[in-house]
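Visitor: In order, the protein sequences belong to chains A and B.
Using this note's numbering, read the first sequence as starting at 1 and increasing by one per residue.
Using this note's numbering, read the second sequence as starting at 1001 and increasing by one per residue.
Beta carbons are placed, not taken as given, at the ideal position from N, Cα and C, and that holds for glycine.
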Amino acid sequence: MSAPPVGGSFTLVDHHHNRVTEASYRGKYVLLFFGFTHCKQVCPAALLKLSTALDLLGPLATEVRALYVTVDPERDSSEVLRGFLSEYPRFTGLTGSAEQVDVAKRAFRVFARRAEDPEDPEGYAMPHTAFSYLLDRDGRFAAHFTDALEATEIAARIRTQLTG
Amino acid sequence: MTLSVPLDREQLGHLRHFDNLSRRLPNDWSLMQGKGQGQDDFGSYRFQLAYMAYALALTHRHRLPAAPGAFQPTFQRLIDKILEPDVWLYWRDVSQGGSVFNAHLADQLGEEWDPVVRDNIMYSAYVQSMAHLYAYLFDDDRYAAPGALTFRYWSFFWGGAERRFSYDQDSLAENLYWQLVEGGFVGIACEPNCVFQICNQPAILGFRMQDLRTGGSRAEEIVRGYQKAWEQYGRLDGNGHYNMMISADTREVRPNQTLAPWVDAWCGALMNSWNRDFVHRNYPRQVREFLVPGSDGALSVRSAPAMEVMGQTVVNDTCDFGWVAAWASEMGDTETRTGLFTHADRYFAPTWRDGGLYYPRNDTPADADGNRTDIEPMSGNVLLGYARLNVPDGLNGLYQQPWDRAHFSNPALTEVDPEVEVSRAVFADGALDFRLRSREGGEPGRVVIGRLPGRGDWTLRRDGEVLASGADATVHSSADASVRAGDGGVELRCPAGPARDYTLAVTR
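Next up, the structure:
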């Protein structure tokens, strides 16, 4: 088929200031979620749900690296990500330049768009795709999970990938 | 809903015309050429082919559910035709942008030959939905084979190597899905940057058909995302008509500014598949603004004046009349539908050709008395037939009330010769009821009653008289030579002349 695939290479910085690429996580499954730390509803709910799904995996969770990629690099520095994710310790935050983040978004066909935030006239919101992506040990796209799925279903599907 | 009323002469005539057009030799588009040039506009071949297929789907689903053989070959030929380069080559040019709405993007876009890889939902969604409708209706995954939906072009005279873009029903759907994701579910563009509400509806139908086969929930997910994305823009404009489109980059919404009937009618007819209450609620007020009363119950449709843009008069096939007829049929608005056909049969020169019924193209706006005479091939070949064959909430029923699996194993007319007209075919209460007629002047046409193995004893009656009996696919006795066992089931020869009623009753 000629259509563009989902997934690909990226170069970003993690919330410990390490430069990372898609190759940095080879050998582990990667659970990837795109969002932004000013997000009031979608991200907190998704991160909580995905953390629960990983908890449900038990010891298998050690085979999965959970990454949170910002779509708002202007405000989400490594420090901001680290602080935000302290409530979701399974996740490592990734940021980068606007261009680097755009490359990652394009690779995963992620929608994110700057929009007015009625609750924050001085700031802005970033409506975004609320999917999570699972990459296999070779960094290839393996599955995606929509925001309608419950933690138990996500855990079951990850387990199938890991053990199947 | 399944209607047990037999198809009438006009409905059979439209089906025959669809079949006739599907049998045209490659690159023969006789009777299908409209006013617009370059396959750019609303009367293009792709739309005619797709909505013929949709009309077949509606007729099969709601009127002749036990006659897949009367539809399947035509449906396949329509899919073959929509893959022909004449249908999609426009995309090589249109992909470069430069329309009045997105002239600013022209420098950023290049020539794209693959007609489904990005944007162009005004084509890709029809290929996708036709393939998945086919799979669902006929329980046949032939378009799931790798490369089953391949777009190829090569010329001896120019252009170098062959262009070949291979897809199948699932890879095509996957590509559309991810484009929807990437666009935040607001929709996929037709021309670059121009996301029309209308042209994303067929994709939703296609995803629903795919889900019916796979047990998935893509359509539900997409509808949820689509609803949410459009909440902020509004489905309707300030005048209560459907917003026509949104610019993908600026998110500027373009209303139905000229009150063009096709915008509302096309969108409403399709959106009713998944958004029934909303569409029905707005229909009566919307349609009133488009109808023109005539004499003796006739109703016509007024068209908006042609747009003047950049010093040019836009010439295209609006298909206003045809789309309002299709919309009224979906809404179950019998009064409007009847009034429109009164007008059509009076002023649009209904024509019978090779057993098919259509209304030939006429570019003259009106007769001396001011009655609309302008009709495009899309309306005359396809949409008026669609409106005659559809049932109230026909697309909604196709979407919301799928057949159960048992449907696909019930006895049915699995093969039907082109010379045979099937005007009823329903399986209910252990009996297959059907009405057949072979067209005059030919040999007795053949039909095959399939899916009999495992059904046990049966008796076949013609006009109430026992014609044959048998068990499974074996014929034990027959009153004449018109019934015999064949490879695909029990073969029946249908004599020319008046239609005959048949009942195959399973007795065990």
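Between the stretch 1179-1207 of chain B and chain A, which residues of the former have CB atoms less than 7 Å from a CB of the latter, in chain order?
Guide: Within the stretch 1179-1207 of chain B, those residues whose Cβ lies closer than 7 Å to any Cβ of chain A are, in chain order, Val-1181, Glu-1182, Gly-1183 and Gly-1184.
Visitor: Chain A partners of B/Glu-1221, CB-CB under 8 Å?
Guide: Thr-146 and Ala-148
Visitor: If you run the structure through DSSP and keep just helix, strand and coil, what is B/Cys-1494?
Guide: strand
Visitor: Quick one: Cα of B/Asp-1333 to Cα of B/Thr-1459, how far?
Guide: 41 Å
Visitor: Hey, quick one: how far does the beta strand (DSSP E) through B/Ala-1485 stretch, first residue to last?
Guide: In this chain, the beta strand (DSSP E) harbouring B/Ala-1485 covers 1483-1485.
Visitor: Would you say A/Phe-10 faces chain B, with C-beta separation under 7 Å as the test?
Guide: In terms of beta-carbon proximity, A/Phe-10 stays away from the interface with chain B, with every pair separated by 7 Å or more.
Visitor: Is the separation between the beta-carbon of A/Glu-87 and that of A/Leu-162 shorter than 7 Å?
Guide: The answer is no: Cβ separation not under 7 Å.
Visitor: Are the CB atoms of B/Ile-1204 and B/Ala-1509 within a distance shorter than 7 Å?
Guide: This structure does not reach residue 1509 of chain B, given that chain B is present from 1001 up to 1508, and the question cannot be answered.
Visitor: Helix, strand or coil for B/Trp-1458, going by three-state DSSP, please let me know.
Guide: strand
Visitor: With DSSP run on the structure shown, which of helix, strand or coil describes B/Ala-1053?
Guide: helix
Visitor: Between B/Thr-1150 and the rest of its own chain, which residues show a CB-CB distance below 8 Å, the 5 nearest in sequence each way excluded?
Guide: Result list for B/Thr-1150: Leu-1083, Arg-1164, Phe-1165, Ser-1166 and Tyr-1167, in chain order.
Visitor: When you compare each of B/Ala-1428, B/Thr-1507 and B/Val-1447 to B/Arg-1437 by their alpha carbons, which one comes out closest?
Guide: B/Val-1447
Visitor: Kindly indicate which three-state DSSP category B/Pro-1350 falls into: helix, strand or coil?
Guide: Of the three classes helix, strand and coil, the one that applies to B/Pro-1350 here is coil, per DSSP.
Visitor: My output table needs one value for B/Asp-1119: the three-state DSSP class, helix, strand or coil.
Guide: coil
Visitor: Skipping 5 residues on each side, what residues in its chain have a beta carbon closer than 6 Å to that of B/Leu-1340?
Guide: Leu-1299 and Ala-1325
Visitor: Output yes or no for whether 7 Å exceeds the beta carbon distance between A/Pro-73 and A/Val-101.
Guide: yes
Visitor: Taking the alpha-carbon positions, what's the B/Ile-1222 to A/Ile-154 distance?
Guide: Each residue's Cα considered, the two are about 19 Å apart.
Visitor: Cα separation between B/Leu-963 and B/Leu-1133?
Guide: Any question about residue 963 of chain B goes unanswered here, given that chain B covers just 1001 to 1508.
Visitor: Output the residue ranges of the alpha helix (DSSP H) runs that lie fully inside the stretch 1390-1466 of chain B and measure 4 residues or longer, sorted by chain position.
Guide: 1394-1400
Visitor: Tell me, which residues are paired with B/Tyr-1358 by DSSP?
Guide: B/Thr-1351
Visitor: Within the same chain, show all residues whose beta-carbon is closer than 6 Å to that of B/Asp-1501, passing over the 5 residues directly before and after it, in chain order.
Guide: Arg-1435 and Asp-1463
Visitor: Taking the runs of the beta strand (DSSP E) that are 3 residues or longer, which of them lie wholly in the stretch 1296-1338 of chain B?
Guide: 1299-1301
Visitor: Check whether the Cβ atoms of B/Pro-1402 and B/Leu-1212 lie closer than 7 Å to each other.
Guide: yes
Visitor: Any C-beta of chain B within less than 8 Å: which residues of the stretch 21-47 of chain A qualify?
Guide: none
Visitor: Can you name, in chain order, every residue of its own chain whose Cβ lies under 6 Å from the Cβ of A/Ala-148, other than the five neighbours on each side?
Guide: none
Visitor: With a threshold of 8 Å on Cβ separation, who are the neighbours of A/Arg-159 within its own chain once the five nearest residues in sequence on each side are excluded?
Guide: Leu-57 and Leu-60
Visitor: In terms of residues, what are the limits of the beta strand (DSSP E) holding A/Asp-14?
Guide: 11-14
Visitor: Which two residues bound the contiguous beta strand (DSSP E) that contains B/Asp-1501?
Guide: 1500-1506
Visitor: For A/Met-1, name the three-state secondary structure that DSSP assigns.
Guide: Unreliable placement is indicated for A/Met-1, whose pLDDT of 43 sits below 50; the coordinate value is still reported in the next sentence. Of the three classes helix, strand and coil, the one that applies to A/Met-1 here is coil, per DSSP.
Visitor: Just to confirm my understanding: we take B/Met-1244, look at its own chain, exclude 5 residues before and 5 after, and list those with CB closer than 6 Å. What are they?
Guide: Arg-1254, Asn-1256 and Val-1263
Visitor: Taking the alpha-carbon of A/Ala-66 as reference, which of A/His-17, A/Val-103 and A/Lys-28 has the nearest alpha-carbon?
Guide: Residue A/Lys-28 is the option with its Cα nearest to A/Ala-66.
Visitor: What are the complete beta strand (DSSP E) segments, minimum 3 residues, inside the stretch 1241-1297 of chain B?
Guide: List check, beta strand (DSSP E) in window: 1245-1247 and 1291-1293.
Visitor: Does A/Thr-70 come within less than 7 Å of chain B when only Cβ atoms are used?
Guide: no
Visitor: Check the DSSP bridge columns for A/Phe-145 and list the partner residues they point to.
Guide: A/Ser-132
Visitor: Cα separation between B/Thr-1250 and A/Met-126?
Guide: B/Thr-1250 and A/Met-126: Cα-Cα distance of roughly 15 Å.
Visitor: Would you kindly work out how many angstroms separate the C-alpha atoms of A/Met-1 and B/Thr-1318, rounded to a whole number?
Guide: Interpretation of A/Met-1 is limited by its pLDDT of 43, a score under 50 that renders its predicted location unreliable; the figure taken from the coordinates is listed afterwards. If you take the alpha carbons of A/Met-1 and B/Thr-1318, they lie about 35 Å apart.
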